[in-house]
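Here's the structure we're looking at; comments come further down.
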Amino acid sequence: MTDIAWTIAGSDSGGGAGIQADIRTFHDFGLHGASVVTCVTAQNTTALTDNHVIPAATVKAQLHALWTDLPAAAIKIGALGSNDNAAAVLDFVGALPTKGRPFVVWDPVRNASVGGALGVLPDDTIASFLRSVDAVTPNAEELAGTWNIDAKDPARATGLLRNRGANRVYLTGGHGDTPGHDHWESALRCFSIQGDTLPGQGAHGGGCSLSTALAAATVLEDEDSAPVLAHMYVHQGLRAIAGCRLGKLGAGRPALPHLGWPANIRDLPRVVDAGKTRGPAFPALSHPIGLYAVVGCADWVRRCVEMGLDTVQLRVKDLPAPALREAVEQSVAATQGSNTRLFINDFWREAIDAGAYGVHLGQEDLTDADLPAIARAGIRLGVSTHSYYEIARAHAVAPSYVAIGPIYATTTKPMKFAPQGIDRLRRWVDLLKPRYPLTAIGGINIERIPGVMATGVGSVAVVRAMTEAADPFQAVADLRAAMHIACP
1239 MTDIAWTIAG
1249 SDSGGGAGIQ
1259 ADIRTFHDFG
1269 LHGASVVTCV
1279 TAQNTTALTD
1289 NHVIPAATVK
1299 AQLHALWTDL
1309 PAAAIKIGAL
1319 GSNDNAAAVL
1329 DFVGALPTKG
1339 RPFVVWDPVR
1349 NASVGGALGV
1359 LPDDTIASFL
1369 RSVDAVTPNA
1379 EELAGTWNID
1389 AKDPARATGL
1399 LRNRGANRVY
1409 LTGGHGDTPG
1419 HDHWESALRC
1429 FSIQGDTLPG
1439 QGAHGGGCSL
1449 STALAAATVL
1459 EDEDSAPVLA
1469 HMYVHQGLRA
1479 IAGCRLGKLG
1489 AGRPALPHLG
1499 WPANIRDLPR
1509 VVDAGKTRGP
1519 AFPALSHPIG
1529 LYAVVGCADW
1539 VRRCVEMGLD
1549 TVQLRVKDLP
1559 APALREAVEQ
1569 SVAATQGSNT
1579 RLFINDFWRE
1589 AIDAGAYGVH
1599 LGQEDLTDAD
1609 LPAIARAGIR
1619 LGVSTHSYYE
1629 IARAHAVAPS
1639 YVAIGPIYAT
1649 TTKPMKFAPQ
1659 GIDRLRRWVD
1669 LLKPRYPLTA
1679 IGGINIERIP
1689 GVMATGVGSV
1699 AVVRAMTEAA
1709 DPFQAVADLR
1719 AAMHIACP
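Start counting the sequence shown at 1239; every next residue gets the next number (my numbering).
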């Protein structure tokens, strides 16, 4: 069943912004787009020459017609045209049911990007919208003009807007000394979305498409990943303009191209937590990851070396400090002089002291670990990822490899993410493989290896498929053979 998303906005006769751009954006995310037209503008790539406001009664009729037959999973609100229309939309949003409520994104647009005013709302209406919607997506001009907030310090700016009642804020880039950087703040997270800076002056309809992509992504992905995907979607269009890959339409500012689901690593931003800086680059792997075993003690590390495993990870929990240090040292000693590469899960200090080949960190540990110290020690870094947000966060530290999972359900450890499945794994492999070695983990057994390897991932990580096998040596041989057959 196809999910439905609405745009409540104005019509752009040139097709570059407004509901025309919004519908194309929804389509690129695989959603059915419906529209509530608030105003009809006469504009092209150079100017807005007329703006006919739709009566509030007609706006209400459109809202009613859609809700009774085509209820939305997400709603984007753009130009409203008049105070009466704003009141009608605000009443509608306020009456939405709590259960099954669509995610509502407000683009507080004041002017068309080609020039010309689209309407300014009174302060009390603005305050009500800010409290009623789920996310607001101002640019620096809108932040200053509507709320008198300077965007030069993005983290401070989004915090101020949250203090005034905003639930979530996506502040679009070009502010201060960080062109190309966006900023997201919610009750859960506060982070910078750092994309590559592109030449040019942006695109007509970029703001419309950003807010619409954010709304669409909330239907398909977790809350933290939605702003990452929205950034990627707009960035790929801007990159196409900068590279002159498309024929120019009109004499003025180019309209943002709508190029489908973002799938190029050049559009993947680097997500950096507020108050943090981007991490150092880490050494490359000396060999392909291959079959990757995750084990819980030094004895199993020794057995992995005896079995000729390509890569092994020591993942121990709840050991007192002396026993932990001993386990790491014994594991490092077991791999010395072998072709088995050892990664230590979480305990980076012990890994540095023992001279381990690498460290593997989960997302929580990325916050606390001393990444520069790990890099200075010449130790490789692997990072676990489970979502677009976590992938972009890993991208910011340029790890030696990226682990993707869980592909299937697993009982090895509690997981807050549902199984990713083969289709999502394939999408992430296509995105990341040009830059990073990858391994897939989570519920992978010998029967599932052909499907996993067919994605091009290059490596699988196993736990119980080896440690719970009646004959681990034979299990490893069979797993390797299955990998080779699937990807010779």
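We treat Cβ as the ideally placed atom computed from N, Cα and C, and that holds for glycine.
If I'm right that Arg1406 touches Ala1373 with Cβ under 8 Å, what's the distance once you round it to whole angstroms?
In this structure Arg1406 is in contact with Ala1373, their Cβ atoms being roughly 4 Å apart against a cut-off of 8 Å.
Please confirm whether His1200 and Arg1504 have their CB atoms less than 7 Å apart.
Any answer about residue 1200 is impossible in this case: the structure gives the chain only from 1239 up to 1726.
Enumerated in chain order, which unbroken segments of the alpha helix (DSSP H) with a length of 4 residues or greater are wholly contained in the segment 1344–1401?
Runs of the alpha helix (DSSP H) inside the segment 1344–1401: 1361–1370, 1378–1385 and 1392–1401.
Cβ distance (whole Å) where Val1690 is taken to contact Leu1676 below 8 Å
Here Val1690 is actually not in contact with Leu1676; their C-beta atoms are around 11 Å apart, not less than 8 Å.
Tell me, please, which residues DSSP counts as bridged to Ala1678.
BP columns for Ala1678 point to Ile1642 and Val1698.
For Arg1614, is the classification buried or exposed, using 16 other Cβ atoms within 10 angstroms of its Cβ as the cut-off for buried?
Exposed, by the Cβ-count rule.
Can you tell me where the beta strand (DSSP E) with Gly1730 in it begins and where it stops?
Given a span of 1239 to 1726 for the chain in the structure shown, any question on residue 1730 remains unanswerable.
Given Ser1622, which residues of its chain have a CB within under 6 Å of its CB, disregarding the five upstream and five downstream residues?
Cβ neighbours of Ser1622 beyond the five flanking positions: Gly1600 and Ala1641.
Please go through the same chain and pick out, in chain order, the residues whose beta-carbon is closer than 7 Å to the beta-carbon of Leu1458, but skip the five residues on each side of it.
Same-chain partners within the cutoff: Phe1267.
Alpha carbons only, please: which of Ala1455, Arg1541 and Ala1611 is nearest the one belonging to Leu1580?
Comparing Cα-Cα distances from Leu1580 to each of Ala1455, Arg1541 and Ala1611, the minimum goes to Arg1541.
Specify, as a first and last residue, the run of the alpha helix (DSSP H) that Arg1662 falls within.
Element bounds for Arg1662: Gly1659 to Leu1670.
For Thr1245, which residues in the same chain have their Cβ closer than 6 Å to its Cβ, ignoring the five residues on either side in sequence?
Non-local beta-carbon contacts of Thr1245 in its own chain, meaning distances under 6 Å to residues more than five positions away in sequence, involve Ile1257, Asp1260, Ser1273 and Lys1314 in chain order.
Using the DSSP secondary-structure output, state which residues sit across from Arg1618 in a beta bridge.
DSSP lists Gly1596 as partners of Arg1618.
Within its chain, find whatever has a CB closer than 7 Å to the CB of Leu1557; leave out the 5 residues flanking it on each side and keep chain order.
Cβ neighbours of Leu1557 beyond the five flanking positions: Ala1565.
Start-to-end residues for the alpha helix (DSSP H) that takes in Glu1564:
Counting along the chain, the unbroken alpha helix (DSSP H) around Glu1564 starts and ends at Ala1559 to Thr1573.
Determine, using beta carbons only, whether Glu1544 comes closer than 7 Å to chain C.
Given the protein chain composition of this structure (a single chain), no chain C is represented.
Starting from Glu1423, follow its DSSP beta bridges and name the residues at the other end.
BP columns for Glu1423 point to Val1407 and Cys1428.
Do you know whose CA, among Ala1699, Glu1380 and Glu1602, lies nearest Ile1645's CA?
Cα-wise, what sits closest to Ile1645 is Ala1699.
Compare the beta carbon distance of Ser1638 and Leu1523 with 7 Å and say whether it is the shorter of the two.
Between Ser1638 and Leu1523, the C-beta gap is smaller than 7 Å, which places the two residues in contact.
Please say whether Gly1475 and Leu1494 have beta carbons closer to each other than 7 Å?
Contact: yes.
I believe Arg1402 touches Leu1368 by the beta-carbon criterion, under 8 Å. Please report the beta-carbon distance rounded to the nearest angstrom.
Sure, about 6 Å apart at Cβ, within 8 Å.
What number of angstroms, rounded off, separates the C-alpha of Asp1345 from the C-alpha of Ile1292?
CA-to-CA, the gap between Asp1345 and Ile1292 works out to about 19 Å.
Those residues which DSSP pairs with Trp1244 across a bridge
Trp1244 is bridged to Ala1272 and Ile1313.
Check this for me: beta carbons of Val1297 and Asn1321, under 7 Å apart or not?
Cβ distance not < 7 Å, so Val1297 and Asn1321 don't count as in contact.
Bounding residues of the alpha helix (DSSP H) (the contiguous stretch that carries Gln1439)
Looking at the DSSP string, Gln1439 is not in any alpha helix (DSSP H), and its letter there is neither H nor E.
How would you write the range of the alpha helix (DSSP H) that Thr1306 sits in, first residue to last?
Start and end: Ala1294 to Asp1307.
Measure how close the beta-carbons of Glu1423 and Arg1394 come, nearest whole angstrom, since I'm counting them as under 8 Å.
10 Å between Cβ atoms; not a contact.
Span of the beta strand (DSSP E) holding Val1554?
No beta strand (DSSP E) holds Val1554; DSSP gives it neither H nor E.
For the beta strand (DSSP E) that His1290 lies in, which residues bound it at each end?
Bounds of the beta strand (DSSP E) holding His1290 are Leu1286 to Val1291.
In whole angstroms, what separates the C-alpha of Val1466 from that of Ala1630?
Per the coordinates, the alpha-carbon of Val1466 lies some 7 Å from the alpha-carbon of Ala1630.
Output needed for Gly1254: all residues of its chain with C-beta closer than 6 Å, excluding positions within five of it in sequence on either side, in chain order.
Here Gly1254 has His1442, Gly1443 and Ala1493 as same chain residues with Cβ atoms under 6 Å from its own Cβ, once five neighbours each way along the sequence are excluded.
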